[in-house]
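*Asks:*
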Amino acid sequence: MSIFNKAINNIRSAITPKPKMVFISDTKFYSKYELRIGGEPIGRFEIDKDIKEFEGGKYWGIVLVKIDDSKYRQKGYGLMMYVKMLESLPDGIAGLYSEPFTRHNDVQVPKIHQKLNAVEYENGVVYIKKL
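First residue of the sequence shown: 16, per the numbering used here; consecutive thereafter.
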């Protein structure tokens, strides 16, 4: 890459900061994360550590995945949060599960689950394996 292209890339990243997942709080039962752009929180991902077993693996529950401001919706940030969480699960946790009553977007959430090869099981519970 030329020096000019490197400079342009540096300028672009300065103008549009990359999103960053930030750990907010953790207890024995619950964890909260925020997605931030330039220090501004734009989304949240919350996990319930109540374990469900599925196909021999232990899964934590998704409580909330939300992009707060409409100007950031439908830009891939929700999927990005799922991926970051699935990549950072501790040893011994096979993935995440999502129960129907925790899902509030019947259009985007199923698309995200499909991209992550989620498995829908009994009563609409969806299991997503760790990446």
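Built from N, CA and C at the ideal position, the CB exists for glycine as well.
Taking 8 Å as the threshold (C-beta atoms), are I127 and Y74 in contact?
*Replies:* For Y74 and I127, no; Cβs fall outside 8 Å.
*Asks:* Determine whether the beta carbon atoms of Y48 and I39 lie at a separation below 8 Å.
*Replies:* Yes, Cβ-Cβ distance for Y48 and I39 is below 8 Å.
*Asks:* By Cβ distance, which residues of its chain are closer than 8 Å to K130, with the 5 residues on each side in sequence left out?
*Replies:* The answer, listed in chain order, is L94.
*Asks:* Whole angstroms is fine: what's the gap from D83's alpha carbon to D106's?
*Replies:* Straight-line Cα distance between these residues: approximately 30 Å.
*Asks:* Assuming V80 and Y97 make a contact with CB atoms under 8 Å, what is their CB distance in whole Å?
*Replies:* Confirmed, about 7 Å.
*Asks:* Give every residue of the same chain whose Cβ lies closer than 7 Å to the Cβ of E137, excluding the five residues on either side of it in the sequence, and list them in chain order.
*Replies:* Result list for E137: empty, nothing under 7 Å.
*Asks:* With a Cβ-Cβ cutoff of 8 Å, do Y92 and P34 count as a contact?
*Replies:* Yes, they are a contact pair.
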